[in-house]
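Numbered continuously in the working numbering, the sequence shown closes out at residue 1312. Don't be surprised by glycine CBs; every beta carbon is placed ideally from N, CA and C. Scroll down for the structure; my scribbles are underneath it.
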Amino acid sequence: MVTVPSNQARARHRDIDYDAVPGHLTAIEPGDAGYARVRSTYLRGGSPGLVLRPGTPAEVADALAFARAQPVKLGIRSGGHGISGRSTNHGGIVIDVSRLDAIEVLDERTRRVRVGPGARWSEVAAALAPYGWALTSGDYGGVGVGGLATAGGIGWLVREHGLTIDHLRAAELILADGTHVRADDGEHAELFWGLRGAGANFGVVTAFEFEVDEVGDVGFAQFVVDATDTAGFLHRWGAAVEAAPREVTSSLIIGGPRPGQPLLAHIMTVVDAADPDTVISRLRPIAATAPLLDQSIQIVPYAALMNAPHGPHNGHGEPVTRSALADHLTPELAVDVARLIESGESYFFQIRSAGGAVGDVARDATAYAGRSANFSLSAFGAARTRLDRIWDDMRPHFSGIYINFETDQRSERLHEAYPEPTLDRLRALKGRYDPDNVFRDNFPIAP
Ligand SMILES: Cc1cc2nc3c(=O)[nH]c(=O)nc-3n(C[C@H](O)[C@H](O)[C@H](O)COP(=O)(O)OP(=O)(O)OC[C@H]3O[C@@H](n4cnc5c(N)ncnc54)[C@H](O)[C@@H]3O)c2cc1C
C-alpha cells in the first residue's frame, strides 16, 4: 500500500477512515506528536498509518472493530520486542496494549498472579521479588509479557521451572468478533490449549493469570571462553548442560569471526542456589568446556538479573533470523554450527538451554510441541538467502521450532513449529475463533 502525504506534516493512509476512529480511543497517526515513539519496534522500522492505544478490554474490542473495517494490515503489540511477530507495519494499523500493564497478586497462598500483556518481564520480576517469588520468562527484562506468554517463554529458570506458558492458569482475551472471554482448563479449554504456543492467532490477550514459583537469590555467571575449537566446545558445553541438575540453566552467544583473533563465546549461566559453594560446584563442569579467558560470578536477586531499561523503540529494517529446537548438541550438529559461524553469515548466534521441566509436560498438552528439545538455537544474519541456505542444510539435526525467534516465512516453518496433529488441531481452532484470519501478524494459521 502507498502512503499518500496530504500535507508536509501528515502522511495519512488513504485506506484508513480516520474520521471513523471512535473518539474515546487514544489514537496516534503520522504527524502527531508522539508518533516517533510508537512507529517502530525493538528490531523493526515501521510507518503504520495509525496506532491505537486502548486502556481497557472494552477499548481493545472497540479498536479491533474499527481495525477490522479497514482494508489494511493489523499488528498487535504488547512490549514491541517481537522477532517473528510483526507488531509494526507500513501503512497499516497497530493495536498497542502496552497500557494494560497491571500486575496484581490474586492469592498469596496459591501464588496466583494476574499480569497485563503490556507489562515488561523486568516489572513482573520486580513486583514478585518482595514475596520471594519469580515467574520464569526470558533472559531479557525489556521483553513484553504479551508476545512471550502466548508463544512459550524460554528463560533463566527454564530447566527447573519449565516454560512461561506452563505456569499459565487462565487468560482473558478479546476474540476476533469482539467478545471478551476467559479461557482456562474448564472454559474454552481447547482455546486455552492453543493460546499456550500459538496464542497470537486467536485474539488479543488482555490479562494472564499465572501460578509463580518461590525463587530467592540465584548465582549468575558470565564466562568468556576461547571457542576456537568451536565444534568440540559446543558438544562439550551441550553435554555439560544436559548432565547438570535442573537448577542450572545456561546459554551462550557467539559473534562473527574476527580476522586474527580467537573466536570468543560468551556463556551465561544461572544456578538457582544462593550458597556460593553450591553455585561454584555447579559451574565447574561448564567452565571446563573451553579455555576460560574471563569470568564473573555473582549471587543476585532474580529481579536484578531481569532488570532492564526500556524506552521508545527505534528499530530499523527487518530482522533476518533462523531458529530451531534440537534435542541434543550432537557432534554432527556442532560441526555444522561451527561451519555456520566460520562462514561469517551469522553476526549473532545463540543457544539457550530448554529441557528439564519443559519435558515433564506432555507434547499434546499445549500447542507448543517442542517438549523433547534440550536446546533452542537462533542465528541473526545480514542476508536472508545466504542464511537460509546454510540453515536449511542443518534441518536434519532439528526437532522443531520455537516460533518466537524465527523470521523465515516459508510454510515449512509452521509445520516444524506445530507438527501434526498439533497443526490440524490449531486449524480447527482458528476456524472456530478467527475464521477471517484477523490475527495474522505472527505465523498465521490458515483456518
Ligand atoms: C532482546 C530480546 C530477547 C529475547 N529473549 C527471549 C528469551 O530469553 N526467551 C524467549 O522465550 N523469548 C525471547 N525473546 C523473544 C520474545 O519472546 C518475542 O519476541 C516476543 O514476541 C516479544 O514479546 P513482546 O510483547 O515484547 O512483543 P510484541 O512485538 O509486542 O509482540 C510480538 C507478537 O506477539 C503477539 N502478541 C503481542 N501481544 C499480544 C497479545 N496481547 N495477545 C495476543 N498476541 C500478542 C503478536 O503477534 C505480536 O506481533 C527475545 C526477544 C528479544 C528482542
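4-residue-minimum alpha helix (DSSP H) runs that sit fully inside the region 927-993, ordered along the chain: DSSP runs (the alpha helix (DSSP H)) wholly in the region 927-993: 986-993.
I968 CB to nearest heavy atom of ligand 3 below 7 angstroms: For ligand 3, the structure offers nothing, since it holds only ligand 1.
Paired residues, beta bridge with D1301 - DSSP: Looking at the DSSP output, D1301 shares a beta bridge with no other residue.
Rounded straight-line distance, which links the Cα of F1304 to that of V1073: Looking at the sequence itself, residue 1073 is Phe, so the reference to Val does not match. Rounded to whole angstroms, F1073 to F1304 spans 19 angstroms at the Cα level.
Helix, strand or coil at V1165 [DSSP, three-state]: Three-state result, V1165: strand.
Beta-carbon contacts of E1079 that lie in its chain and below 7 angstroms, excluding the five residues immediately before and after: Closer than 7 angstroms at Cβ, skipping near neighbours: G997 and W998.
G1121 beta carbon less than 8 angstroms from that of G1209: Closer than 8 angstroms, so yes.
Residue range of the beta strand (DSSP E) that includes E1285: Neither: E1285 is in no beta strand (DSSP E) and is coded neither H nor E.
Beta-ladder partner(s) of H1045, from DSSP: Under the DSSP definition of a beta bridge, H1045 partners with I1039.
N-terminal and C-terminal residue of the beta strand (DSSP E) that S1146 is part of: No beta strand (DSSP E) holds S1146; the alpha helix (DSSP H) holding it covers P1141 to A1152.
Chain-order list of residues whose beta-carbon lies under 7 angstroms from that of S871 (same chain, five-residue window excluded): Below a pLDDT of 50, predicted positions are generally treated as unreliable, and S871, at 44, falls in that range; the measurement from the model is reported next regardless. So the qualifying residues of the chain are R877.
Straight-line Cα distance separating D1225 from R879: One alpha carbon belongs to R879, the other to D1225, and they sit about 51 angstroms apart.
Cutoff 6 angstroms; reference R1101; Cβ partners in own chain excluding five residues on either side: T1154, listed in sequence order.
First through last residue of the alpha helix (DSSP H) which encompasses G1062: In the DSSP annotation of this structure, the continuous segment of the alpha helix (DSSP H) that includes G1062 starts and ends at A1054 to A1063.
Span of the beta strand (DSSP E), counted from its first residue to its last, around L1129: Per DSSP, L1129 is one residue of the beta strand (DSSP E) stretching across L1129 to V1136.
Where the beta strand (DSSP E) containing D1091 begins and where it ends: Segment D1082 to D1091, the beta strand (DSSP E) holding D1091.
Per-residue DSSP class, three states only, for Y883: In this structure, Y883 counts as helix in the three-state DSSP scheme.
The alpha helix (DSSP H) enclosing Y1212, as first and last residue numbers: Annotation: Y1212 is outside any alpha helix (DSSP H); the continuous beta strand (DSSP E) that includes it extends over S1211 to S1218.
Extent of the continuous beta strand (DSSP E) to which I1119 belongs: Element bounds for I1119: V1113 to G1120.
Straight-line gap, I1019 to H1280 (C-alpha atoms, nearest Å): I1019 and H1280 have their alpha carbons spaced roughly 20 angstroms apart.
Of the residues I941, H1032 and G945, the one placed nearest T815, counting alpha carbons only: The question about residue 815 has no answer here: the residues shown for the chain are numbered 866 through 1312.
A1247 versus S1188: straight-line alpha-carbon distance, rounded: Spanning the two alpha carbons is a distance of roughly 15 angstroms.
Unbroken alpha helix (DSSP H) run spanning E1025, endpoints: Taken as a continuous stretch (DSSP letters only), the alpha helix (DSSP H) holding E1025 covers V1023 to H1026.
Cβ separation of A892 and L917, assumed to be a contact under 8 angstroms, to the nearest whole Å: The beta carbons of A892 and L917 sit about 6 angstroms from each other, so the pair counts as a contact at 8 angstroms.
Under 8 angstroms between C-beta atoms of R1217 and S1116: Yes, these two residues count as a Cβ contact at 8 angstroms.
Where the alpha helix (DSSP H) containing L1252 begins and where it ends: Bounds of the alpha helix (DSSP H) holding L1252 are R1249 to D1258.
Where the beta strand (DSSP E) containing V1010 begins and where it ends: Looking at the DSSP string, V1010 is not in any beta strand (DSSP E); the run it does join, the alpha helix (DSSP H), is V1010 to A1014.
T1272 beta carbon near ligand 1 (any heavy atom closer than 7 angstroms): Because no heavy atom of ligand 1 lies under 7 angstroms away, the Cβ of T1272 does not count as near it: no.
Between the CA atoms of H1178 and G1007 - distance to the nearest angstrom: Rounded to whole angstroms, G1007 to H1178 spans 11 angstroms at the Cα level.
Minimum C-alpha distance to G945 - residue among G1125, D882, R1297 and Y907: In this structure, Y907 is the residue among G1125, D882, R1297 and Y907 with its C-alpha nearest to the C-alpha of G945.
Proximity to I1030 [Cα-Cα], best of A1041, S1002 and G1097: Among A1041, S1002 and G1097, the Cα nearest to that of I1030 belongs to S1002.
Cβ-heavy atom distance, D1050 to ligand 1, below 7 angstroms: D1050 Cβ: outside cutoff for every heavy atom of ligand 1.
Beta-carbon proximity check, D1258 vs D1273, cutoff 8 angstroms: In this structure, D1273 does not lie closer than 8 angstroms to D1258 by Cβ.
CB-CB length for I941 against A1065, believed under 8 angstroms: At roughly 7 angstroms, the Cβ-Cβ gap stays under 8 angstroms, so I941 and A1065 are in contact.
Near ligand 1: S912 beta-carbon under 7 angstroms from a heavy atom: S912 has its Cβ no nearer than 7 angstroms to any heavy atom of ligand 1.
CB of G1220 within 8 angstroms of CB of A1191, strictly: Note that the C-beta distance between G1220 and A1191 is not below 8 angstroms.
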